[in-house]
Amino acid sequence: METCRASTSSEKVPRVSLEFRVDRLSSLSDEIAHGILSLLPFGDLSRFGSLSKRCKELHLSTPSFRLDLSKVDISTCYKWSRFANAVDRFLDHRGENRILHLGIRFDVREHIFGNETPCICEGVGRRFISWIENALRCKVEILDIDISRIHLENGVGDITIESSSLKSFSISSNSWTVRRLKIIGRKIEDVRIDWRSEWCTTVSIFASDVKNLQWDGITVNHQLGTLERAELSLANIIRRDLSPDVKAVGFLTSVHRVKALTLNHNTIKALFKKGIPPLENVFDFSMKIGNFSIELVLALVPILRAMPNLTILDVKSSTPPRCLLNECSGLTMEYWRSSKLPFLSQLKEVTVDLNRHFYGSNQIEFIRFILEDAQSLRKMVIIYPLRLGKGHLKKLNESEKISNAHVVYRRFK
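Here the sequence shown stands for residues 1 to 413, numbered as in UniProt numbering.
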């Protein structure tokens, strides 16, 4: 009987025959190889392209890649120039190879190597703009830009995105990076903007086919078509001339045909101050709030009245300042019944997140009102924290018995 034993140093390790040395890369289709290459950091992708002619072809034709400066040592201007020059050569040598998805992320605050300070050198803004222009030349379809953590004395200037191929665009910008942003594209369907610039006066969007829009921060100039979904989350603004209520109504008026709408705490209060346009096409409404203060509810009710065809309601949690107990209590079921919400008879699905910042009884009373008075309600999901009192749970259980809906309780973790 043969037994397994470790080989001794005197034994020769057999060589692997050449016939078993398979070039597995050559056996892969371009689609599979490109899928693998899209997962590599840009530096590794460049090194791969230098291995062989086949590798170079795959390297220059890979349709999806990411220029993530948070993964690159640019602690000196020399290191930055080496990286930037490599990107320039890569984009220039691509020729007309299309780009499906390009992500660009500048994040210099994470680049601290020993005692060195991250280096932002002359010409960074121009290089950044040229990379975008090259992507547009290669008919990019998905473009994601994150420049929220780059600090340049003069910013990167103006950005114009004009493309006949672009389908999805996202940008995250800080307070001083971009002066003006213009987006033009007849095929753009999805736009996500995280705009925190207090000093930029213009974000112009000329895209008639946009269906899904997510806008966080500040609203400025825009021209949009008929949206299917829109999310507007206004930020707290320092400059008085850019206060949230200045642009909120104009923005919502331009997207009044939207079918699914999400608003945050600040936006709800801003709309209440300036007036609410008709929202008769909205059937799915989400609100990102952290409490049901009396001030917020008084602003919310007119918005709900403007949605006569609402069938889906989602109360999402966020973290605004906590309100005092007397500020989040006092609005009973009778108050909600007197509000005469026009959609109540056709409401089908409701989700309410009672997050860890839950205070008072207003939100509990709202849930009870929906359970008892929404006769067509099919399902309600209640997400509640561990600290929710037994008295509140008892009231919810009593209202559940009256309702025809299927009620699901989920404990917040």
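Ideal placement from N, C-alpha and C gives every residue a C-beta, glycine not left out. Note that this is a predicted model, so its numbers are computed, not measured.
Check your understanding: Do I183 and I161 have their CB atoms nearer than 7 Å?
Key -> yes
Review point. From F90 to L60, what does the alpha carbon distance come to, in whole angstroms?
Key: 7 Å
Point to revise | Limits of the alpha helix (DSSP H) - the one that E295 falls within | key: I294 to R305
Check your understanding: For G275, is the classification buried or exposed, using 16 other Cβ atoms within 10 angstroms of its Cβ as the cut-off for buried?
Key -> exposed
Check your understanding: Looking at C138 and I99, is the spacing between their C-beta atoms short of 7 Å?
Key -> yes
**Study point:** Range covered by the alpha helix (DSSP H) that runs through D144
**Key:** It is not in any alpha helix (DSSP H) - D144 instead sits in the beta strand (DSSP E) that spans I142 to R149.
Check your understanding: Does the Cβ of A270 lie closer than 6 Å to at least one heavy atom of the ligand MG?
Key -> In the structure shown, the ligand MG is absent, as is every other ligand, since no ligand is present at all.
Check your understanding: Can you tell me whether P63 is buried or exposed, with buried defined as 16 or more other CB within 10 angstroms of its CB?
Key -> buried
Practice item. Could you tell me the boundaries of the alpha helix (DSSP H) in which K395 lies? Key: K390 to I402
Practice item. In the DSSP assignment, find the beta strand (DSSP E) that holds L313 and state where it starts and stops. Key: I312 to S317
Review point. In terms of DSSP beta bridges, what is I36 paired with?
Key: None; I36 has no bridge partner.
Point to revise | CB of L271 within 7 Å of CB of M287, strictly | key: no
Review point. Would you call the CB atoms of F343 and L296 closer than 7 Å?
Key: no
Review point. What separation, rounded to the nearest whole angstrom, lies between the Cα atoms of N85 and W195?
Key: 29 Å
**Study point:** Simplified DSSP assignment, three categories, for F272
**Key:** helix
Practice item. Classify S339 as helix, strand or coil using the three-state DSSP reduction. Key: coil
Review point. So the beta strand (DSSP E) Y384 belongs to, where does it begin and stop?
Key: K379 to Y384
Check your understanding: Can you list, in chain order, the residues of its chain whose CB lies under 7 Å from that of S345, leaving out five sequence neighbours each side?
Key -> Q375 and S376
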